[in-house]
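Reading through the structure tokens given below for one structure.
2 protein chains.
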Amino acid sequence: MAQAKLTIDLDALRANWRALSAFSDTETAAVVKADGYGLGAGRVARALARDGVRRFFVALAEEGAQLRDALGPGPEICVFSGHMAGDTDMIRDLGLVPMINSIDQMLRHVEALPGAPFGVQLDSGMNRLGMEPAEWAALRGIALAQNPVLIMSHLACADEPENPMNARQLQCFREMTDGIDVPRSLSATGGILLGKDYHFDLTRPGIGLYGGLPFADASPVVTLALPVIQVRELEPGETVGYGNTFVARRPTRIATVAAGYADGIHRIMAPKASMMAGVTRCPVAGRISMDLIGVDVTDAPEVPEWLELIGAHQPVDTLADWSGTIGYEILTSLGARLQRVYRGE
Amino acid sequence: MAQAKLTIDLDALRANWRALSAFSDTETAAVVKADGYGLGAGRVARALARDGVRRFFVALAEEGAQLRDALGPGPEICVFSGHMAGDTDMIRDLGLVPMINSIDQMLRHVEALPGAPFGVQLDSGMNRLGMEPAEWAALRGIALAQNPVLIMSHLACADEPENPMNARQLQCFREMTDGIDVPRSLSATGGILLGKDYHFDLTRPGIGLYGGLPFADASPVVTLALPVIQVRELEPGETVGYGNTFVARRPTRIATVAAGYADGIHRIMAPKASMMAGVTRCPVAGRISMDLIGVDVTDAPEVPEWLELIGAHQPVDTLADWSGTIGYEILTSLGARLQRVYRGE
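Chains as they are written, first to last, in numbering that gives the first Met the number 0: chain A, 0 to 344; chain B, 0 to 344.
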């Protein structure tokens, strides 16, 4: 029982979905790829389905297959990577909806599964996934005759509202799709916040559901508490951890907690990182090791049994700042060894 | 089938164990904590058991329980975090051997499971886990009367052979244990390479088994290949990915591969990272996103179907350099979504 505890507040998650849904008059789906941004795609999707979410997005057909197991029949499961070689059985047997990215995928889908639902993914300038304008111009007649259920694209700079790329991509998407009688989707969380021009018929929030920026008003979803497994008193001059990078400058109390970079606590954050003992901020002492972290708890009023790394005082985006990354990566890094505890339904 | 493929060469792993074992005349165990450094503790341990490894180390009792399922009865499974509250049933029912870290743990173990095997973990200066000299002096009579199976400590700076901390810890460990008739262990991979003074009765290699530094002669164990799911041609001036950070300076061919930071490919490595198309080095183009990475494959002689991120041309420690971390973290970050394929036995 030296297992760190990751608590996931499903009520907060559902509140975030409702708040993001309220930004638009259109359908609001949910992105649960990468195992629900590390929080458990099945639990996350089932909680959202109770609030009426009927469409979910994943990255790979394999993720879609697992999600279908968790959700049962009914909700639509859309696959961003489209219809890859080897996906046909999963798509057919589990009723997945591939977002077709290329002429090759279109041919594969129509030949293998004629009449099976699909969407179309267009590239409006990110140059990552989807058909480009010229490719789409050549294919659209054939594609539209097959009755796609959705036409979508993805914004490259939606987290920066002032970036002119947003308007360029919006215009490109409109030029590729205006006048087509198929539901359209352009926006994830960032795009939802850009306003109604970006909403079209369906929005697809991801990070905002899980409490991360750019949705600044999100309710926090995740708490990560680490068990203290040993406490020791240091004399000035004593060192802690690998490479002796922490040197005690005063009589110091060090707590060793049972978690480390193998749990997704990025090693690079150590010099800036702290943990909370109640309301007392306690700096990490020395390097983060694979399964253990030393923490300077000298200023805590009593010896803590747990230290909180992620929570109200230190949200996911604070850890992202310490690590030189974004909240999304903090979430998806959270490891399998953490005990996941769900609150709410 | 847009799943990235992580190939784990169990023959190379076993060769690394034999090579590390040959450095000493003493018993050589294996550290398989953090799910075998991300490679699958059960598969790794079973492969090593075939070569005669009879003792394995894990971080937590929960890991030990899973490993016992994989190994069956027989091999000894030692738990670094010791005997924590709540561990008693796992320790008894699954025959785990806790490395006792404190007087509290000693009392808990002896009271709950009198006669059950245990080891003692001493702190020789790392100030992370284990009993300090004063604590040990008070307890050693009682502890030795209970017949510990092992007395161990851990080096803080073994990766730096010249660091005087190594000799200080060696001396401290000797002062705490000389004359005691119980098997002793001080060294993991780094300590094994420091020479015979550091070997005592048992060595416990970890990272060296998996092909990482500081064991420079290790055979590479891991290959990570990422499937190309789309290829596109860019005109000069076109951009790729989030934030438009890649701008084409020439007519450019971009391959999008289906893997990202959610698979443990650290986002921070993007500006330095490359992938191999055969023997052609292809730089990452723009940011690493959650499930997708753009790669500039213009110089590849043909359009690749797969790109290799980890392999003979780019070992784990190269990725560590790109990310500002160590090979250990590259391995333990490798995500659950990767398809794990085992070679050898």
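All C-beta atoms, glycine included, are put in the ideal place defined by N, C-alpha and C.
- Task: Give the C-beta separation of B/Y327 and A/M289 to the nearest angstrom, bearing in mind that I take them to be a contact with Cβ-Cβ under 8 Å.
- Result: Locating residue 327 of chain B in the second sequence gives position 328, counting from the first residue. Locating residue 289 of chain A in the first sequence gives position 290, counting from the first residue. So it is a contact: roughly 6 Å between Cβ atoms.
Item to complete: Return the Cβ separation of A/P204 and A/A187 in integer angstroms, given the expectation that the two are a contact with Cβ distance under 8 Å.
Response: Stepping through the first sequence from its first residue, residue 204 of chain A is reached at position 205. Stepping through the first sequence from its first residue, residue 187 of chain A is reached at position 188. Yes, they are in contact, since the Cβ atoms of A/P204 and A/A187 sit about 6 Å apart, within 8 Å.
Next on the checklist: Please identify the residue among B/P182, B/R167 and B/G310 whose C-alpha is closest to the C-alpha of B/A276.
Outcome noted: Your numbering for residue 276 of chain B matches position 277 in the second sequence. Selected option, being the one with the closest Cα: B/G310.
Q) Where does A/F55 fall in DSSP's three states? A) Within the first sequence, residue 55 of chain A is the residue found at index 56, counting from 1. Strand.
Checklist line | Strand pairing of A/R252, partner residues [DSSP] | finding: Locating residue 252 of chain A in the first sequence gives position 253, where the first residue counts as 1. Partner(s): A/E232.
**Request:** Per DSSP, which residues does A/T279 bridge with? Please list them.
**Result:** Stepping through the first sequence from its first residue, residue 279 of chain A is reached at position 280. Note: A/T279 sits in a beta bridge opposite A/A276.
Quiz prompt | Whole-angstrom distance between A/L70 and A/A40, CA atom to CA atom | solution = Taking the first sequence and counting its residues from 1, the one referred to as residue 40 of chain A is at position 41. Taking the first sequence and counting its residues from 1, the one referred to as residue 70 of chain A is at position 71. Those two C-alpha atoms are separated by around 10 Å.
Assess, as a yes-or-no matter, whether the segment 320 to 337 of chain A is touched by the segment 59 to 68 of chain A under the definition of 3 or more beta carbon pairs within less than 8 Å.
no
Can you tell me whether A/T202 is helix, strand or coil according to DSSP?
In the first sequence, counting from the first residue as 1, residue 202 of chain A sits at position 203. A/T202 falls in the strand class under three-state DSSP.
Q) Is B/Q146 buried or exposed, if buried means 16 or more other CB atoms sit within 10 Å of its CB? A) As a first step, residue 146 of chain B must be located in the second sequence, where it is residue number 147. Sequence check: residue 146 of chain B is Asn here, not Gln. When all chains shown are included, B/N146 counts as exposed.
When you compare only the Cα positions, how much space is there between A/M98 and B/A11?
Working through the first sequence from its first residue, we reach residue 98 of chain A at position 99. Working through the second sequence from its first residue, we reach residue 11 of chain B at position 12. Roughly 40 Å separates the two Cα atoms.
Going along chain B, which residues have a C-beta under 8 Å from A/G85? Counting from 1 along the first sequence, the entry for residue 85 of chain A is found at position 86. By Cβ distance, chain B contributes M0.
- Message: Is it the case that the segment 244 to 263 of chain B contacts the segment 219 to 231 of chain B, given that we only count it when at least three CB pairs across the two stretches are under 8 Å?
- Response: yes
Among the candidates A/V52, A/C77 and A/A1, whose CA atom is the shortest distance from the CA of A/E61? Position 62 of the first sequence, counting from 1, holds the residue named residue 61 of chain A. Comparing Cα-Cα distances from A/E61 to each of A/V52, A/C77 and A/A1, the minimum goes to A/C77.
Note down, one range per segment and in chain order, each beta strand (DSSP E) of at least 3 residues found wholly within the segment 257 to 319 of chain B. 273 to 276, 279 to 287, 292 to 295 and 305 to 309
message: Rounded to whole angstroms, what is the Cα-Cα separation between A/Y341 and A/S80?
response: Numbered from 1 along the first sequence, position 342 holds the residue referred to as residue 341 of chain A. Numbered from 1 along the first sequence, position 81 holds the residue referred to as residue 80 of chain A. Near 29 Å, if we compare the C-alpha coordinates of A/S80 and A/Y341.
- 7 Å Cβ shell around A/C156 - same chain, five flanking residues per side excluded: Position 157 of the first sequence, counted from the start, is the residue given in the question as residue 156 of chain A. The answer, listed in chain order, is N162, M164 and N165.
Quiz prompt | Limits of the beta strand (DSSP E) - the one that B/V119 falls within | solution = On the second sequence, residue 119 of chain B is found 120 positions in, with the first residue counted as 1. Counting along the chain, the beta strand (DSSP E) containing B/V119 begins and ends at G118 to Q120.
Apart from the five residues on each side of it in sequence, which residues of its chain come closer than 6 Å, Cβ to Cβ, to A/D298? Taking the first residue of the first sequence as 1, we reach residue 298 of chain A at position 299. The residues are T279.
message = Between the segment 12 to 22 of chain B and the segment 239 to 256 of chain A, can you find at least three pairs of beta-carbon atoms closer than 8 Å?
response = no
*Contacts around B/V246, its chain only, beta-carbon distance under 6 Å, and the 5 residues preceding and following it disregarded*: Along the second sequence, read from residue 1 onward, the residue named residue 246 of chain B stands at position 247. Excluding residues within five positions, the ones whose Cβ falls inside 6 Å are T238.
Taking only beta-carbon atoms, is A/M164 less than 7 Å away from chain B? To locate residue 164 of chain A, count along the first sequence from 1; it is residue 165. Answer yes: the Cβ-Cβ gap between A/M164 and chain B drops below 7 Å somewhere.
Taking B/K32 as the query, report the chain A residues whose CB atoms sit under 8 Å from its CB, ordered along the chain. Working through the second sequence from its first residue, we reach residue 32 of chain B at position 33. Ordered by position in chain A, the residues that pass the 8 Å Cβ test against B/K32 are A261, M289 and D290.
Can you say whether A/I141 is buried or exposed, counting buried as having 16 or more other CB atoms within 10 angstroms of its CB? Position 142 of the first sequence, counting from 1, holds the residue named residue 141 of chain A. So A/I141 counts as exposed.
Pull out every residue of the segment 221 to 242 of chain A whose Cβ sits closer than 8 Å to any Cβ of chain B, in chain order. P226, I228, Q229, R231, L233, E237, T238, V239, G240, Y241 and G242
**Same chain, Cβ closer than 6 Å to B/G190, five either side skipped, listed in chain order** = In the second sequence, counting from the first residue as 1, residue 190 of chain B sits at position 191. Around B/G190: L154, A157 and Y197.
Practice item. Scan the segment 106 to 140 of chain B for residues whose Cβ lies nearer than 7 Å to a Cβ of chain A and list them as they occur along the chain. Key: M125, N126, R127, L128 and E131
- Alpha-carbon to alpha-carbon, B/T6 and A/G35: Taking the first sequence and counting its residues from 1, the one referred to as residue 35 of chain A is at position 36. Taking the second sequence and counting its residues from 1, the one referred to as residue 6 of chain B is at position 7. Taking the straight line from one Cα to the other gives about 25 Å.
For this session: Locate the alpha helix (DSSP H) running through B/T188, then write down its first and last residues.
Result: Position 189 of the second sequence, counted from the first residue, corresponds to residue 188 of chain B. Element bounds for B/T188: T188 to L193.
**Study point:** Contacts of B/C156 in chain A (Cβ-Cβ under 8 Å)
**Key:** Stepping through the second sequence from its first residue, residue 156 of chain B is reached at position 157. Chain A residues near B/C156: Y241, G242 and N243.
**Prompt:** A/E131 by DSSP, collapsed to three states: which one?
**Reply:** As a position in the first sequence, residue 131 of chain A is number 132, starting the count at 1. Three-state result, A/E131: coil.
Exercise for the section: Please state whether DSSP places B/T238 in a helix, a strand or coil. Expected result: Against the second sequence, residue 238 of chain B aligns to sequence position 239. B/T238 falls in the strand class under three-state DSSP.
* Taking DSSP as the reference, what is the three-state secondary structure of B/M175? -> Within the second sequence, numbered from 1, the residue matching residue 175 of chain B stands at position 176. The answer is helix: DSSP assigns B/M175 an H, G or I state.
| task | Compute the Euclidean distance between the alpha carbons of A/A144 and A/G323, then round it to the nearest angstrom. | result | Locating residue 144 of chain A in the first sequence gives position 145, counting from the first residue. Locating residue 323 of chain A in the first sequence gives position 324, counting from the first residue. Approximately 47 Å between the Cα atoms of the pair.
query = Would A/E234 be called buried (16 or more neighbouring beta carbons within 10 Å of its own) or exposed?
reply = Along the first sequence, read from residue 1 onward, the residue named residue 234 of chain A stands at position 235. It counts as exposed.
When the cut-off is 7 Å and only beta carbons count, does A/L59 lie next to chain B? As a first step, residue 59 of chain A is located in the first sequence; it is residue number 60 there, counting from the start. Answer yes: the Cβ-Cβ gap between A/L59 and chain B drops below 7 Å somewhere.
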